[in-house]
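Protein chains in written order, with the numbering used here: chain A, 19 to 339; chain B, 1355 to 1545.
Where a beta carbon is used, it is the ideal one built from N, C-alpha and C, also for glycine.
All figures in this text were calculated on a predicted structure; none of them were measured in a lab.
Working notes for the structure below.
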């Protein structure tokens, strides 16, 4: 194999969209492939765990790991890649903060397993059989990974150098990150590779955001005809822009849909959901408890709305019981 | 920060009960709730001062943090207090219409109504977070509010999120040793 820098891609609890994002680099992906040797990429290439195990420690320049961490197999693989890599890039919302899979932190492990293997209407499982981590069939020992009680972000399991935000990260920020890595111009450890300012800054609708939103009600996108020019918050839609990092060039607002917060918070924010509540809910109109509550009823699922991509990084981490 | 966290970790049930120096209700043996209280400078903090100079006695379980306005209290502060070991969080501000900054307490009320829904959805019991309007003249209300909250949180028991976080993370510790142990052997015979 050539002496080009070695790069690995890996996926954990994710949908595959982050892999798509790499392919979405289009012809730029050729520049990447020209500059590096890919030593692992389960979605596209046939390398085995043993190939990685056989490499010397720190011999991979960068490992791009997407997906949240839910199973013992994922923990094992990311720890292995951590040992073998100089730099680990947490790739996408799930790796950064749990993403959609972390919404399962609203349920206990037992609740999830019971629903999936027993109660779900489409399940036919009279024996209530559940997958076991160890099983012997005709003298062959079989094993499955352990399913954990908590969905974790990548940095809650291993040390991470950089973060690429987004669901998925956009080709522009991926390319900028790859170029920074290849040129050796590395930012300080822990940097999120996207501008550290709220999304509203790069939103074309910014000028139509009033100083006081004075919201009388919240509406969901399917309930209204959305004005394509006006600030979405001013239209009563939950747009996570004020509590979300910029860098995506306001793709969703451009497409006439509110921001759902996939880039995560900026560096000054400790908890994206709580910060959003702090910023937007102070600006609803009513002053009486019952009228305030009537406005809040417009958001039937606050956790799923404010922590859609980041429940692992909520200060409370998961639902208690 | 680590020093601070150490300080805020809730003692497990083996703490000894001591007679209260302040002469408030004597704590039951064992669990002593830790309550973080954010009091606004103009009303509730003044009321706490008044309770002091009036020699009113109340439970010593609150750690009061003076803020200029209840509107300064970001919901993040409340979550952070719980995450660092508070068993309860009390927020005190001026009565509606009395805010020194005209609207601050209305902003607080709106945010905290939503925060209460979120806490409930995350499994934090009702009595652990409380918002009260207490004017500078209501020293007595500081006393009754604190005593009532301490009694309710004591009945709920310790929240101990730092302990829960450690407990939750035990499930990933075992594998750490396993992976690194196996790897050391294998790396050795790679040319």
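Inset, instruction - Check whether the Cβ of residue 1418(B) sits closer than 7 Å to any heavy atom of the ligand FAD, and report yes or no. - result: No copy of the ligand FAD occurs in the structure displayed, which carries no ligand at all.
Inset, instruction - Write down every uninterrupted run of the beta strand (DSSP E) in the segment 20-70 of chain A whose length is 3 residues or greater and which is fully enclosed by it, in chain order. - result: If we require 3 residues or more, the beta strand (DSSP E) runs fully inside the segment 20-70 of chain A come out as 24-29 and 55-58.
Inset, instruction - Return the CA-CA distance between residue 331(A) and residue 1438(B), expressed in angstroms with no decimal places. - result: Spanning the two alpha carbons is a distance of roughly 15 Å.
Legend entry - Length at least 4, wholly inside the segment 100-169 of chain A: the alpha helix (DSSP H) runs in chain order: You should have 111-115 and 127-132.
Legend entry - is_contact[residue 1382(B), chain A] using C-beta, thresh 8 Å: Because residue 1382(B) sits at a pLDDT of 49, beneath the cut-off of 50, its placement in the model cannot be relied upon, and the point is left open.
Legend entry - Neighbour-count burial assignment, residue 253(A), 16 or more Cβ in a 10 Å radius: So residue 253(A) ends up on the buried side.
Inset, instruction - Tell me whether residue 1465(B) sits in a helix, a strand or coil according to DSSP, three-state version. - result: helix
Inset, instruction - Provide the residue span of the beta strand (DSSP E) that contains residue 1439(B), from first to last. - result: Here residue 1439(B) belongs to no beta strand (DSSP E), and DSSP marks it neither H nor E.
Inset, instruction - Would you tell me roughly how many angstroms separate the C-alpha atoms of residue 21(A) and residue 333(A), rounded to the nearest one? - result: Note on geometry: alpha-carbon atoms of residue 21(A) and residue 333(A) lie some 44 Å from one another.
Inset, instruction - Using a Cβ cut-off of 8 Å (strictly closer), state whether residue 1347(B) contacts chain A. - result: For chain B, the structure presents residues 1355 to 1545; residue 1347(B) sits outside this window and is missing.
Inset, instruction - For residue 318(A), decide whether its Cβ has a neighbour in chain B, counting only Cβ atoms nearer than 8 Å. - result: no
Inset, instruction - For the segment 74-108 of chain A, enumerate the residues whose C-beta is nearer than 7 Å to any C-beta of chain B, in chain order. - result: 74, 75, 90, 93, 94, 97, 98 and 101
Inset, instruction - Mind listing the chain B neighbours of residue 307(A)? Cutoff is C-beta to C-beta under 8 Å, in chain order. - result: 1463 and 1467
Legend entry - Segment limits, alpha helix (DSSP H) that includes residue 1508(B): Per DSSP, the continuous alpha helix (DSSP H) segment holding residue 1508(B) begins and ends at 1493-1510.
Inset, instruction - Inspect the CB distances between the segment 154-166 of chain A and the segment 85-95 of chain A and report whether three or more fall short of 8 Å. - result: yes
Inset, instruction - Answer with yes or no whether the minimum CB distance from residue 121(A) to chain B is below 8 Å. - result: No, residue 121(A) lies away from the interface with chain B (no Cβ there is under 8 Å from its Cβ).
Legend entry - Inter-residue spacing [alpha-carbon to alpha-carbon] between residue 1506(B) and residue 1428(B): 24 Å
Legend entry - Distance between residue 1398(B) and residue 1495(B) (C-alpha atoms, nearest Å): So the two alpha carbons sit approximately 9 Å from each other.
Legend entry - Against chain A: residues of the segment 1468-1479 of chain B by CB proximity under 7 Å: 1468, 1469, 1471, 1472, 1475, 1476, 1477 and 1478
Inset, instruction - Using a Cβ cut-off of 8 Å, pull out every chain B residue sitting near residue 337(A), in sequence order please. - result: Within 8 Å Cβ-Cβ: 1475, 1476 and 1477.
Legend entry - contact_flag[the segment 179-193 of chain A, the segment 37-47 of chain A] where n(CB pairs < 8 Å) is 3 or more: yes
Inset, instruction - Return the first residue and the last residue of the beta strand (DSSP E) that residue 1486(B) is part of. - result: 1483-1487
Inset, instruction - Anything in chain A within Cβ reach of residue 1436(B), meaning under 9 Å, just list it in chain order. - result: Going along chain A in sequence order, the residues near residue 1436(B) (Cβ under 9 Å) are 333 and 334.
Legend entry - Test: residue 1529(B) CB closer than 8 Å to a CB of chain A: yes
Legend entry - Inter-residue Cα distance where the pair is residue 292(A) and residue 324(A): 8 Å
Inset, instruction - Would you kindly work out how many angstroms separate the C-alpha atoms of residue 1498(B) and residue 1491(B), rounded to a whole number? - result: 14 Å
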